[in-house]
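Have a look at the structure below, then the notes.
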Amino acid sequence: MDNNAFLFQAMVYLAASVIMVPLAKRLALGSVLGYLLAGILIGPAVLKFIGGEGESLMHSAEFGVVMMLFLIGLELEPAVLWRLRKAILGMGGLQVLITSVIISGIAFYAGLPWQSSLAIGMALALSSTALVLQTLAEKGIDKTTAGRSAFAVLLFQDIAVIPMLAFFPLLAITGLANPEAASHSAGGWIESQSAWMRTLIITGAVALIIVGGRYLVPPIFRLVASTQLREMFTATALLLVVGIAVLMSSVGLSPALGTFLSGVVLANSEYKHELESDIEPFKGLLLGLFFIAVGASINFELILEHPLLIFGLVLALMFVKAVVLLIIGKAFELRIDQNIIFSSSLSQVGEFAFVLLSFSLTEGIVARSNVEILMAVVAISMSLTPIAFFLNEKIVLPFVDKRLSNNVKEQREADTVEEKNPVIIAGFGHFGNIIGRFLRAHGIKATILDIDSNRVDFLRKMGFKVYYGDASRYDILLAAGAAEAKMVIIAMDDAEKRLQMIETIKKHFPDLQMLVRSSTREDTYDQMNAGILHIYRETIDTSLRMGVDALKILGHRAYSAQRAARTFFRYDEQKLKDLSKVRNNEKEYINQAREYIEELEAIIQADNQALHLRKDLGWDEDSLIADEKVKKDE
Amino acid sequence: MAKVLILFAHPAMEKSRIHKRLVEHIPKSTDVRFHDLYERYPDFDIDVPYEQHLLLKHDVIIFQHPFYWYSSPAIIKQWLDLVLEHGWAYGTGGRALAGKKFMNAISTGGSKNSYTAVGRNKFSLSTYLLPFQQTAYLCDVEYLPPFVIHGTHRLSEADMDLHALQYEQMLLALGADRISKPEIESCVYMNDLVPIPQAIQS
Numbered sequence: 000m001d002n003n004a005f006l007f008q009a010m011v012y013l014a015a016s017v018i019m020v021p022l023a024k025r026l027a028l029g030s031v032l033g034y035l036l037a038g039i040l041i042g043p044a045v046l047k048f049i050g051g052e053g054e055s056l057m058h059s060a061e062f063g064v065v066m067m068l069f070l071i072g073l074e075l076e077p078a079v080l081w082r083l084r085k086a087i088l089g090m091g092g093l094q095v096l097i098t099s100v101i102i103s104g105i106a107f108y109a110g111l112p113w114q115s116s117l118a119i120g121m122a123l124a125l126s127s128t129a130l131v132l133q134t135l136a137e138k139g140i141d142k143t144t145a146g147r148s149a150f151a152v153l154l155f156q157d158i159a160v161i162p163m164l165a166f167f168p169l170l171a172i173t174g175l176a177n178p179e180a181a182s183h184s185a186g187g188w189i190e191s192q193s194a195w196m197r198t199l200i201i202t203g204a205v206a207l208i209i210v211g212g213r214y215l216v217p218p219i220f221r222l223v224a225s226t227q228l229r230e231m232f233t234a235t236a237l238l239l240v241v242g243i244a245v246l247m248s249s250v251g252l253s254p255a256l257g258t259f260l261s262g263v264v265l266a267n268s269e270y271k272h273e274l275e276s277d278i279e280p281f282k283g284l285l286l287g288l289f290f291i292a293v294g295a296s297i298n299f300e301l302i303l304e305h306p307l308l309i310f311g312l313v314l315a316l317m318f319v320k321a322v323v324l325l326i327i328g329k330a331f332e333l334r335i336d337q338n339i340i341f342s343s344s345l346s347q348v349g350e351f352a353f354v355l356l357s358f359s360l361t362e363g364i365v366a367r368s369n370v371e372i373l374m375a376v377v378a379i380s381m382s383l384t385p386i387a388f389f390l391n392e393k394i395v396l397p398f399v400d401k402r403l404s405n406n407v408k409e410q411r412e413a414d415t416v417e418e419k420n421p422v423i424i425a426g427f428g429h430f431g432n433i434i435g436r437f438l439r440a441h442g443i444k445a446t447i448l449d450i451d452s453n454r455v456d457f458l459r460k461m462g463f464k465v466y467y468g469d470a471s472r473y474d475i476l477l478a479a480g481a482a483e484a485k486m487v488i489i490a491m492d493d494a495e496k497r498l499q500m501i502e503t504i505k506k507h508f509p510d511l512q513m514l515v516r517s518s519t520r521e522d523t524y525d526q527m528n529a530g531i532l533h534i535y536r537e538t539i540d541t542s543l544r545m546g547v548d549a550l551k552i553l554g555h556r557a558y559s560a561q562r563a564a565r566t567f568f569r570y571d572e573q574k575l576k577d578l579s580k581v582r583n584n585e586k587e588y589i590n591q592a593r594e595y596i597e598e599l600e601a602i603i604q605a606d607n608q609a610l611h612l613r614k615d616l617g618w619d620e621d622s623l624i625a626d627e628k629v630k631k632d633e
Numbered sequence: 000m001a002k003v004l005i006l007f008a009h010p011a012m013e014k015s016r017i018h019k020r021l022v023e024h025i026p027k028s029t030d031v032r033f034h035d036l037y038e039r040y041p042d043f044d045i046d047v048p049y050e051q052h053l054l055l056k057h058d059v060i061i062f063q064h065p066f067y068w069y070s071s072p073a074i075i076k077q078w079l080d081l082v083l084e085h086g087w088a089y090g091t092g093g094r095a096l097a098g099k100k101f102m103n104a105i106s107t108g109g110s111k112n113s114y115t116a117v118g119r120n121k122f123s124l125s126t127y128l129l130p131f132q133q134t135a136y137l138c139d140v141e142y143l144p145p146f147v148i149h150g151t152h153r154l155s156e157a158d159m160d161l162h163a164l165q166y167e168q169m170l171l172a173l174g175a176d177r178i179s180k181p182e183i184e185s186c187v188y189m190n191d192l193v194p195i196p197q198a199i200q201s
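Those protein sequence lines, which keep their order, are chains E and C.
82 is the number that numbering that gives the first Met the number 0 gives to position 83 of the first sequence; each next residue is one higher, with no gaps.
28 is the number that numbering that gives the first Met the number 0 gives to position 29 of the second sequence; each next residue is one higher, with no gaps.
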């Protein structure tokens, strides 16, 4: 490939991703689907920029997966693992085991050799870490019970890939072997060694990674860091990963296993975050390239030849995976709504299936025709995931919510008589729980509404009176006793929901006092417009308290610093009110970001007045001294 | 007509027996303004311009508080320190309060006898209130005799109700400007002008 052709290729890949990924993100489909679409677009099916090299490209781009495992390894501090042990081993282990057994069984029943069936079962049991974690984070549900459970399962799967890769060569069926590819993947020279020598070499390599990672790498990084050249650090980090990959391949082990191992070894080192931020962009780009390659290698002719077979497989596969997850979720006491998010989010097949499938092709475990069909199935199942999320959000969950809240109503009717709490707290996360505990410490009873059903169960066990439900809905509020309560504390995370709730309360419970949390100035304005008197900006007190401490550390007297903060607070609240009036008059803002900048500009300009904020003149001697002087002069 | 401003200071109002009653008996009138300092400034963060604005709008300023360690609760001191600024309340050009009246309305556990040379508090209440009196003097403000409720721990419900009525009547009289200069000069406590049985007032 001459230089120009290389540049042209690079341009095609980059251009395709730059166009498709933001587009896919805009359509709420996630970046992975964007890369896949970009691959399809430039692949043989549409624009034909890349043809047969899609597969070889995939091989080089698999290095992105290797880097991803290195990063996952870096994240795996023992403490984190220990905290999640039950979910990882229990949910993850069961998921991989049960799903592989079922899928293998189906494949075997369909007439494939047992080795192929087993390999397919293991490959298809995995879900897509890249796709799911990104989508959960984008939807803001990564911290819910469902999100955490999904993470635990994905973590187990990612770790399980490594023994799987080690296990696959044992499944090789000699008749299917693909000689050139096999020699390409496993180092040639090692084959010529005797068995015990091979074992020795492999053990030595692993030991080298562990010992080297612990004792050799940190001093090297220290040395490189002392050069103060950032790119040298990046180069060293890359060298580390590439070097381990080469070492592993040359002794016939999976590069992914090696880098993962070194990641874990380095998880507690002081260079952890530096390494992460250096490798991250390479991983991102290479993974992107990997997804492009996947997209480009989807064989559309094949899909057109067997549309029913392939789509049937996709649906059956996702159904089986989802049902297994649903049962596991139930066994681990996830509430039905969380369980539905959990099981549907993990029902696709992941990027590691590509790795395992192409590996099984080169190792001669699964026949080429089957691998091609399965590759298409995997790619389609990934493409369907964002759509599954969408359907979940719009159709399934609202339906489930309704059923759950009907239950709430029934329970409510059962215990209306026994107590009527004066306070309702909507949202019992990190904000609401402090208020709730504070009130409880003073013997004030509160009815709590929360949207996370597992948190609800937990709090119920702790003796709180908690309901699951969307607190912005009239029927839920009624069930929670809004008609009799004195006040409602609106402490949910979601600004949009808070506003909806304010509107519901204004309409149906006009006598209920509202104390509302607000996150941004934007929120505060919206709430002011909605007529809320008690607005609590979640950061102002904390940041001012921090400011007070900063002043104190700079040598100011504690009491003066504290009074200055109080003055500033009062001033800022007033400014907010003033600006909110101005804001209502000029509605024509171009976009949110611009609006924020203008806003900030106005605030900072107004702050110049703050320099002249009223000092405590009663404690000031200046005018007394001036007075004395005048008297003396007379 | 005189406008009355009551600067009320009680750090634990919910535990108070006597002040709760006194406050309930403050006449509901636009001429009497009840201003609860601990409620308004729980963090002692006194809004000086606002306080000065209130002072300017009233003629008689009453500090109503329990008598703690021979003085007022802390917030009154904070209020005095911050609000009565040099150049505004006193000193050169400080004439904002000239001609107004200051007064303390106090509750104390000690009996009237205890605040005598032979009693355990040794000095009279008026002696202890000298800082207030002198503050008033420096601001060119007339300092009225205090309204005092003695022996609060021994008072029965009926006694307290009588004191509350006494306070109410005194406030009405002050608001209506019905108390003459000689009357003020003749009394030790303002209570003397609205007599209730001696057994209670001791």
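Cβ coordinates follow ideal geometry from the N, Cα and C atoms, glycine included.
Discussion item. I want to see whether chain A comes within less than 8 Å of E:ASP626, judged by CB atoms only; does it?
Written reply: The chain labelled as chain A is not found among the protein chains of the depicted structure, namely E and C.
Practice prompt. Verify whether the separation of the beta carbon atoms of E:LEU256 and E:ILE161 is less than 8 Å.
Written response: Start at 1 with the first residue of the first sequence, and residue 256 of chain E comes out as number 257. Start at 1 with the first residue of the first sequence, and residue 161 of chain E comes out as number 162. For E:LEU256 and E:ILE161, yes; Cβs fall inside 8 Å.
Worksheet item: Just how far apart, CA to CA, sit C:SER113 and C:ILE199?
Response: Here residue 113 of chain C refers to the residue found at position 114 when the second sequence is read from its first residue. Here residue 199 of chain C refers to the residue found at position 200 when the second sequence is read from its first residue. Cα to Cα, the separation comes out at about 15 Å.
Fill in: Host beta strand (DSSP E) of C:VAL47 (start-end)
To locate residue 47 of chain C, count along the second sequence from 1; it is residue 48. Counting along the chain, C:VAL47 falls outside any beta strand (DSSP E), though it belongs to the alpha helix (DSSP H) covering 47 to 56.
Practice prompt. Can you tell me which of C:GLN133, C:SER106 and C:ALA116 puts its alpha carbon nearest to the alpha carbon of C:THR151?
Written response: In the second sequence, residue 151 of chain C corresponds to position 152, counting from 1. Considering only alpha carbons, the answer is C:SER106.
Discussion item. Within 8 Å of any Cβ in chain C, is that where the Cβ of E:LEU623 sits?
Written reply: Residue mapping note: residue 623 of chain E aligns to position 624 of the first sequence, counting from 1. Chain C contact via Cβ: present.
Practice prompt. Verify whether the separation of the beta carbon atoms of E:ILE102 and E:ILE87 is less than 8 Å.
Written response: As a position in the first sequence, residue 102 of chain E is number 103, starting the count at 1. As a position in the first sequence, residue 87 of chain E is number 88, starting the count at 1. No, Cβ-Cβ distance for E:ILE102 and E:ILE87 is not below 8 Å.
Fill in: Reduced DSSP secondary structure (H/G/I, E/B, other) of E:ASP632
On the first sequence, position 633 is the one that residue 632 of chain E refers to. DSSP, reduced to helix, strand and coil, places E:ASP632 within a helical segment of the structure shown.
Practice prompt. May I ask you to report which of helix, strand or coil DSSP gives E:PRO217?
Written response: Along the first sequence, one-based indexing puts residue 217 of chain E at 218. Assigned with DSSP and collapsed to three states, E:PRO217 falls in helix.
Item to complete: For C:HIS34, go through chain E and note every residue whose CB falls closer than 8 Å to its CB, in chain order.
Response: For the purposes of this step, residue 34 of chain C is taken as the residue at position 35 of the second sequence. Result: empty, since nearest Cβ-Cβ is about 18 Å, beyond 8 Å.
Worksheet item: Which residues mark the beginning and the end of the alpha helix (DSSP H) in which C:THR134 is found?
Response: The residue you call residue 134 of chain C lines up with position 135 of the second sequence. Residues 129 to 137.
Worksheet entry | Nearest residue (CA-CA) to E:ILE424, options E:SER115, E:LEU301, E:SER622 and E:MET491 | Reading the first sequence from its first residue, position 425 is the one you call residue 424 of chain E. Ranking E:SER115, E:LEU301, E:SER622 and E:MET491 by Cα distance to E:ILE424 puts E:MET491 first.
Discussion item. I need the DSSP call for E:LYS420, collapsed to helix, strand or coil.
Written reply: On the first sequence, residue 420 of chain E is found 421 positions in, with the first residue counted as 1. At residue 420 of chain E the sequence reads Asn, which differs from the Lys that was named. Coil at E:ASN420, not helix or strand.
Item to complete: Output yes or no for whether 8 Å exceeds the beta carbon distance between E:ALA37 and E:GLY294.
Response: As a first step, residue 37 of chain E is located in the first sequence; it is residue number 38 there, counting from the start. As a first step, residue 294 of chain E is located in the first sequence; it is residue number 295 there, counting from the start. In contact: E:ALA37 and E:GLY294 (Cβ atoms closer than 8 Å).
Worksheet item: Using the beta-carbon of each residue, which ones in chain E are nearer than 9 Å to C:LEU81?
Response: Taking the second sequence and counting its residues from 1, one reaches residue 81 of chain C at position 82. Chain E residues near C:LEU81: ASP615, LEU616, GLY617 and TRP618.
Worksheet item: Between the region 91 to 107 of chain C and chain E, which residues of the former have CB atoms less than 8 Å from a CB of the latter, in chain order?
Response: THR91
Fill in: Contact list for the region 380 to 401 of chain E against chain C, Cβ threshold 8 Å
none
Discussion item. Could you check whether E:SER148 and E:LEU396 sit closer than 8 Å to each other, using their CB atoms as the reference points?
Written reply: Position 397 of the first sequence holds residue 396 of chain E. Position 149 of the first sequence holds residue 148 of chain E. It is not a contact, given that the beta carbons lie outside the stated cut-off.
Fill in: Residue-chain proximity (E:VAL455, chain C), Cβ-Cβ < 8 Å
As a first step, residue 455 of chain E is located in the first sequence; it is residue number 456 there, counting from the start. Output row for E:VAL455: interface = no.
Worksheet item: Going along the chain, which residues of its own chain have a beta-carbon closer than 6 Å to the beta-carbon of E:ILE372, five neighbours each way excluded?
Response: Your numbering for residue 372 of chain E matches position 373 in the first sequence. None.
Item to complete: Would you mind stating whether C:ILE45 and C:TRP87 have Cβ atoms separated by less than 8 Å?
Response: For the purposes of this step, residue 45 of chain C is identified with residue 46 of the second sequence, where counting begins at 1. For the purposes of this step, residue 87 of chain C is identified with residue 88 of the second sequence, where counting begins at 1. Going by C-beta atoms, C:ILE45 is not nearer than 8 Å to C:TRP87.
Discussion item. Under 9 Å, CB to CB, which of the residues in the region 556 to 567 of chain E have a partner in chain C?
Written reply: For the region 556 to 567 of chain E, the set of positions with a beta-carbon nearer than 9 Å to some beta-carbon of chain C reads GLN561, ARG562, ARG565 and THR566 in chain order.
Worksheet item: E:ASP619: buried (16+ other C-beta within 10 angstroms of its C-beta) or exposed?
Response: One-based indexing of the first sequence puts residue 619 of chain E at position 620. Exposed: under 16 other Cβ atoms inside 10 Å.
Item to complete: Identify every residue that forms a DSSP beta bridge with C:ASN103.
Response: If you number the second sequence from 1, residue 103 of chain C lands on position 104. DSSP lists C:PHE62 as partners of C:ASN103.
Worksheet item: Does any C-beta atom of chain E lie closer than 8 Å to the C-beta of C:VAL140?
Response: Here residue 140 of chain C corresponds to residue number 141 of the second sequence, with the count starting at 1. Not closer than 8 Å to any Cβ of chain E, the Cβ of C:VAL140 fails to qualify, so no.
Worksheet item: For E:ARG516, which beta-bridge partners are listed by DSSP?
Response: The sequence position of residue 516 of chain E within the first sequence is 517, counting from 1. Note: E:ARG516 sits in a beta bridge opposite E:TYR535.
Worksheet entry | the region 94 to 102 of chain C in contact with the region 128 to 140 of chain C per 3-pair CB rule at 8 Å | yes
Worksheet item: Any C-beta of chain E sitting closer than 8 Å to the C-beta of C:GLU84?
Response: In the second sequence, counting from the first residue as 1, residue 84 of chain C sits at position 85. True, the Cβ-Cβ gap to chain E drops below 8 Å.
Practice prompt. Please compile the residues from chain C whose C-beta is within a distance smaller than 8 Å of the C-beta of E:VAL348.
Written response: The count along the first sequence starts at 1 and reaches residue 348 of chain E at position 349. Near E:VAL348 there are no residues of chain C at all, since even the closest Cβ is about 60 Å away, more than 8 Å.
Worksheet item: Residue range of the beta strand (DSSP E) that E:ASP619 falls in?
Response: Taking the first sequence and counting its residues from 1, the one referred to as residue 619 of chain E is at position 620. Careful: E:ASP619 lies outside any beta strand (DSSP E) and carries neither H nor E.
Discussion item. Between C:VAL47 and chain E, is the shortest Cβ-Cβ distance under 8 Å, so that the two count as touching?
Written reply: Locating residue 47 of chain C in the second sequence gives position 48, counting from the first residue. Residue contact check for C:VAL47 against chain E: a CB pair falls below 8 Å.
Item to complete: Please report the Cβ distance between E:PHE430 and E:GLU537, rounded to the nearest whole angstrom; I am assuming they are in contact, meaning their Cβ atoms lie under 8 Å.
Response: Your numbering for residue 430 of chain E matches position 431 in the first sequence. Your numbering for residue 537 of chain E matches position 538 in the first sequence. With a Cβ gap of about 6 Å, E:PHE430 and E:GLU537 count as contacting.
Discussion item. Relative to the C-alpha of E:ASN453, which candidate in E:LYS138, E:ALA145 and E:PRO218 has its C-alpha closest?
Written reply: One-based indexing of the first sequence puts residue 453 of chain E at position 454. Closest by alpha carbon: E:ALA145.
Fill in: Cβ of E:VAL629 within 8 Å of any chain C Cβ
Position 630 of the first sequence, counted from the start, is the residue given in the question as residue 629 of chain E. It does; some Cβ of chain C falls within 8 Å.
Worksheet entry | Selection from E:SER115, E:ARG25 and E:LEU154 that minimises the alpha carbon distance to E:ARG84 | What you label residue 84 of chain E is simply residue 85 of the first sequence in a count that begins at 1. Closest by alpha carbon: E:LEU154.
Worksheet item: With 16 other CB atoms within 10 Å as the buried threshold, where does E:GLU61 fall?
Response: Looking up residue 61 of chain E in the first sequence gives position 62. Its Cβ being crowded by 16 or more others within 10 Å, E:GLU61 is buried.
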